[in-house]
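The numbering used here puts the last residue of the sequence shown at 170; the count rises by one with no breaks.
All C-beta atoms in this analysis are idealised placements derived from N, C-alpha and C, irrespective of residue type, glycine included.
Owing to the predicted nature of the structure, the values given are computational and were not obtained by experimental measurement.
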Amino acid sequence: MTAPIPSKIHYHKKARELELSYPDGESHRLAVEYLRVYSPSAEVRGHHPSQAVLQVGKKDVGLKNIEPVGRYAVKLVFDDGHDSGIYSWDYLHELIQNREAYWADYLARLEKAGASREPLGIEIKQL
44 MTAPIPSKIH YHKKARELEL SYPDGESHRL AVEYLRVYSP SAEVRGHHPS QAVLQVGKKD
104 VGLKNIEPVG RYAVKLVFDD GHDSGIYSWD YLHELIQNRE AYWADYLARL EKAGASREPL
164 GIEIKQL
């Protein structure tokens, strides 16, 4: 089964959410933090599940850019410098369908590691 292709993608900067709208009228908003910690990049996921790197301190992450990748995906450029993940329509649909379970799993892994969603140190943003 092939995932639906969004007809519109909108970044809600203040809410830090990416909204995906579909031709059938459905619309889904995903937190940028969720997208960042579940980046499909090898930097985050590794080349094997045992190589995955737990993402910490990403609560306030935002997007700098959204770039189309052919007709099958988008590349999200995050304001923390991460820009190597290609989010296919299938993967975005998977993130939508499994949002609650994936988020609960992420929070459990953070707790087990004694880590936090809160950014570490002093945050410096370019104006």
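Query - Between the CA atoms of PHE121 and ARG79 - distance to the nearest angstrom - result: Against the sequence shown, residue 79 aligns to sequence position 36. Against the sequence shown, residue 121 aligns to sequence position 78. When rounded, the distance between both Cα atoms is 8 Å.
Query raised in the report: If we call anything under 8 Å between Cβ atoms a contact, is ILE139 one with TYR54?
Result: Reading the sequence shown from its first residue, position 96 is the one you call residue 139. Reading the sequence shown from its first residue, position 11 is the one you call residue 54. Taking 8 Å as the Cβ cut-off, ILE139 and TYR54 do not qualify as a contacting pair.
Requested in this report: Starting from the Cα of GLU60, find the closest Cα among ARG114, VAL117, GLN94 and ARG72 and give me that residue.
Outcome: Along the sequence shown, one-based indexing puts residue 60 at 17. Ranking the options by Cα distance to GLU60, first place goes to ARG72.
Report task. Give the secondary structure of TYR65 by DSSP, where H, G and I count as helix, E and B as strand, and everything else as coil. Result -> Here residue 65 refers to the residue found at position 22 when the sequence shown is read from its first residue. Residue state, collapsed to three classes: coil.
Report task. Give a yes or no on whether the C-beta atoms belonging to ILE52 and VAL117 are separated by under 8 Å. Result -> Position 9 of the sequence shown holds residue 52. Position 74 of the sequence shown holds residue 117. In contact: ILE52 and VAL117 (Cβ atoms closer than 8 Å).
Query raised in the report: Which first and last residues belong to the alpha helix (DSSP H) in which HIS136 is found?
Result: Here residue 136 refers to the residue found at position 93 of the sequence shown. Run containing HIS136: 132-140, per the alpha helix (DSSP H) assignment.
Report task. Could you pull out every residue in the same chain whose Cβ sits closer than 7 Å to the Cβ of SER50, ignoring the five residues on either side in sequence? Result -> Counting from one through the sequence shown, the residue named residue 50 turns up at place 7. Counting only Cβ-Cβ distances below 7 Å, and skipping sequence neighbours, we find SER64, TYR65 and PRO66.
Query raised in the report: How would you call LEU135, buried or exposed, if buried means at least 16 neighbouring beta carbons within 10 angstroms?
Result: For this step, residue 135 is matched to residue 92 along the sequence shown. Classification for LEU135: buried.
Requested in this report: Could you tell me which residues DSSP pairs with TYR77 in its beta bridges?
Outcome: Here residue 77 corresponds to residue number 34 of the sequence shown, with the count starting at 1. None; TYR77 has no bridge partner.
Query raised in the report: Going by beta carbon distance, what residues of the same chain come within less than 6 Å of SER82, once the five residues before and after it are set aside?
Result: To locate residue 82, count along the sequence shown from 1; it is residue 39. Taken in chain order, the residues that qualify are GLY128.
Query raised in the report: Looking at C-alpha atoms only, which residue of ARG114, VAL99 and TYR115 is the closest neighbour of ASP123?
Result: Numbered from its first residue, the sequence shown carries residue 123 at position 80. Answer by Cα proximity: VAL99.
Query raised in the report: Is SER93 near TYR115, with beta carbons less than 8 Å apart?
Result: On the sequence shown, residue 93 is found 50 positions in, with the first residue counted as 1. On the sequence shown, residue 115 is found 72 positions in, with the first residue counted as 1. No. Outside cutoff.
Query - Nearest-angstrom Cα separation, counted from LYS101 out to LEU150 - result: Working through the sequence shown from its first residue, we reach residue 150 at position 107. Working through the sequence shown from its first residue, we reach residue 101 at position 58. So the two alpha carbons sit approximately 12 Å from each other.
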